[in-house]
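Visitor: If you read the sequence shown in this note's numbering, its first letter stands for residue 5, the second for the next number, and so on.
Handing you a structure now.
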Amino acid sequence: MAAARRRPEPPPPDVAAVLDALLAAAATDLRPRAAPLSAAQLLDRVRGLGRAVNVLQAELARTVVAAEDAEAAFTDGLTHMAGWLRGHLNTTGAESKAVLAAGRLQQRMPVLGAAAASGAVSPGQLAVVGRILTDRVWELGEVAGVDLATLDQLVTDTATGDQARCLPQVCQRIADQLDPDGPEPVDPTAGRSLRFTRRADGSRGIRGDLDAIGGEKVEAALEAIAAAGRCEGDLRSRGQRTADALVQLADLHLAAGDLPVLRGTKPQVTALVQLGDLLDPTLVEAATTLGSGAVVSNLAARAAACDAVVNRVVLGPDGLPLDVGRTHRLVPAHIRRAAEVRDGGCIFAGCHNPTWMCDAHHVVHWIDGGDTSLENTALLCERHHTQVHHGFAIRWDPDDGRWRTSRPDGSEILVGPVSGDWPQPPPDGPLFVDLPLGA
């Protein structure tokens, strides 16, 4: 369920002037018939726009850090600006962290920050410097009485000079001198990480790190399953066998029912599909919505239904199931399933947490007379569930068919750009439209 979009409104005057200039540049017709620019003129335009991007990125980073220091994200019910950027500007987690890191680096190295503000240093160069010359390295140099201003100037001169490609080597030489022992040893498990990236077609990319012992355990388990599944004529690559083993490991534990309970029920894979599409043996693209929000074909749902429990969700004129009134305090499974279908995840503005991370919240608390019904149920992740019980408010807007979120002072939290003349899609508009093709 989409959060309420921010209404068009003017940004601060200084930013408005920048946007007007950029929009004017974007309106330039670059087609050969309209603007017969020479190759040199096009390249000069690229250079100028590249510098403008660097300036905007540096200023964005500086402003985001100022907002972080002012704890501005709390105004919209979040605890840090990285989460605010993801929820309100639709950046990725990596992009959000990079913006914050660039802003902190500009504070720590003012000469480099000034060069970035002028557009002479790119965001990629800031990322290289920040990755090597960490806070720890810089603090060790300060404790040792090193002239950090001179090092700041050296790094800046390298980044903006003829030897910019040597920037990683120069930074590493500085880091080796300031911190010859390297990082202090830590608990090996502290370095474990695993991240799933969901693509548009629902497939996942996996990136992660394991310590030596943890990696040994995981490899042993996957190798056992992969070896047991091999047979004569198996043409799968080692990578394919390992990936199949990981999925099989999940299948085994989900089928055994020995996993911890998740949100009051056993963990399960859910797929929402129209009955007609489920019965159709031919391919219907984008007919099934998984619990994570990924959209796949009806054939994927048919394959999953071969070894699954199929529950019917009957949607009436309002798309609502029968209420259970006040006879139950806790939201029963069938109403939670209906809320998952309707909301798709946490409904707090700017939050994208999936359904399995959410509590079923009574909009009007049960103890205050609220019914246990779909109309009175909303999905909220743990953090925002707490926020709603401490001053923030949510309400269903029947006119727009969406949830709206308000701050403790009553002002509404809106997401999206602060200005724009482009038409906004209707709240209940189609997710997919036919594009005009051909001549």
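In this text, a Cβ means the ideal position worked out from N, Cα and C, and glycines have one as well.
The structure presented is a predicted model; accordingly, all values stated were derived computationally and were not measured.
Quick test of your reading: F396 and T381, contact by CB under 8 Å. State the CB separation rounded to the nearest angstrom.
Guide: The pair is not a contact, with the Cβ atoms about 17 Å apart (cut-off 8 Å).
Visitor: Got a sec? Which residues, its chain only, sit under 6 Å from L182 by beta carbon, not counting five neighbours each side?
Guide: Answer for L182: V141, L144 and G145, listed in chain order.
Visitor: If you check the beta carbons only, do T274 and L294 fall under 8 Å apart?
Guide: It is a contact, given that the beta carbons lie within the stated cut-off.
Visitor: Which residues in the same chain as Q61 place their Cβ atom closer than 6 Å to its Cβ, once the five residues preceding and following it in sequence are excluded?
Guide: Correct list, in chain order: P127.
Visitor: Just to confirm, is the Cβ distance from G91 to V419 under 8 Å?
Guide: Contact: yes.
Visitor: Among residues of its own chain, excluding the 5 on either side of D213, which ones have a beta-carbon nearer than 7 Å to its beta-carbon?
Guide: G195, R196 and S197.
Visitor: Distance, Cα to Cα, P36 vs R208?
Guide: Computed Cα separation, rounded: 41 Å.
Visitor: How would you label N58, buried or exposed, when you count the other beta carbons within 10 angstroms and need 16 or more for buried?
Guide: N58 is buried by the Cβ-count criterion.
Visitor: Got a sec, what are the start and stop residues for the alpha helix (DSSP H) C385 sits in?
Guide: Taken as a continuous stretch (DSSP letters only), C385 belongs to no alpha helix (DSSP H), being part of the beta strand (DSSP E) at T381 to C385.
Visitor: Just verifying my parser: in three-state terms, what is the DSSP assignment at T409?
Guide: It is a strand residue.
Visitor: In its own chain, which residues sit with a C-beta less than 7 Å from the C-beta of C355, not counting the 5 before and 5 after it?
Guide: Hits under 7 Å: G91, C385 and H388.
Visitor: Provide the residue span of the alpha helix (DSSP H) that contains L116, from first to last.
Guide: Its alpha helix (DSSP H) spans residues P114 to A121.
Visitor: So the candidates are A86, V125 and L130; which of them puts its Cα closest to the Cα of G54?
Guide: Among A86, V125 and L130, the Cα nearest to that of G54 belongs to V125.
Visitor: Give every residue of the same chain whose Cβ lies closer than 6 Å to the Cβ of C175, excluding the five residues on either side of it in the sequence, and list them in chain order.
Guide: Within the same chain, C175 has close Cβ partners V133, I136 and L137.
Visitor: Measure the C-alpha to C-alpha separation of W88 and C362 and round it to an integer number of angstroms.
Guide: Using only the alpha carbons, I get a separation of about 18 Å.
Visitor: Please report the straight-line C-alpha distance between G280 and A20, rounded to a whole angstrom.
Guide: Going from the Cα of G280 to the Cα of A20 covers about 51 Å.
Visitor: Please return the same chain residues whose Cβ sits closer than 8 Å to the Cβ of T83, not counting the five positions on each side in sequence.
Guide: Around T83: A77 and R387.
Visitor: Thinking C-beta only, is A120 closer than 8 Å to L2?
Guide: The structure shown does not extend to residue 2, since the chain spans only 5 to 443, so no value can be given for it.
Visitor: Straight-line CA distance for R199 to P114?
Guide: For R199 and P114, the distance between alpha carbons rounds to 34 Å.
Visitor: Restricting to Cα atoms, I'd like to know which of T201, R245 and T292 is closest to T96.
Guide: The candidate whose alpha carbon is nearest that of T96 is T201.
Visitor: When you compare each of G206, V50 and A343 to V299 by their alpha carbons, which one comes out closest?
Guide: Nearest option by C-alpha distance: G206.
Visitor: Within 10 Å of its beta-carbon, does S100 have 16 or more other beta-carbons around it, so buried, or fewer, so exposed?
Guide: That one is buried.
Visitor: Please classify A153 as buried or exposed, where buried requires at least 16 other C-beta atoms within 10 Å of its C-beta.
Guide: Looking at its Cβ environment, which holds fewer than 16 other Cβ atoms inside 10 Å, A153 is exposed.
Visitor: In whole angstroms, what is the alpha-carbon distance linking P285 and A291?
Guide: Their Cα atoms are separated by approximately 13 Å.
Visitor: To the nearest whole angstrom, what separates the beta carbons of G107 and V68, a pair I think is in contact under 8 Å?
Guide: About 5 Å; that satisfies the 8 Å criterion.
Visitor: Span of the beta strand (DSSP E) holding D401?
Guide: First-last of the beta strand (DSSP E) with D401: A397 to D401.
Visitor: Using the beta-carbon count (16 or more within 10 Å), is D80 buried or exposed?
Guide: It counts as buried.
Visitor: Can you grab the Cα-Cα spacing for the pair L276 / V22, in whole Å?
Guide: Spanning the two alpha carbons is a distance of roughly 45 Å.
Visitor: How many whole angstroms separate the CB atoms of A163 and L171, which I take to be in contact at a CB cut-off of 8 Å?
Guide: Going by Cβ atoms, the distance from A163 to L171 rounds to 5 Å, so yes, they are a contact pair.
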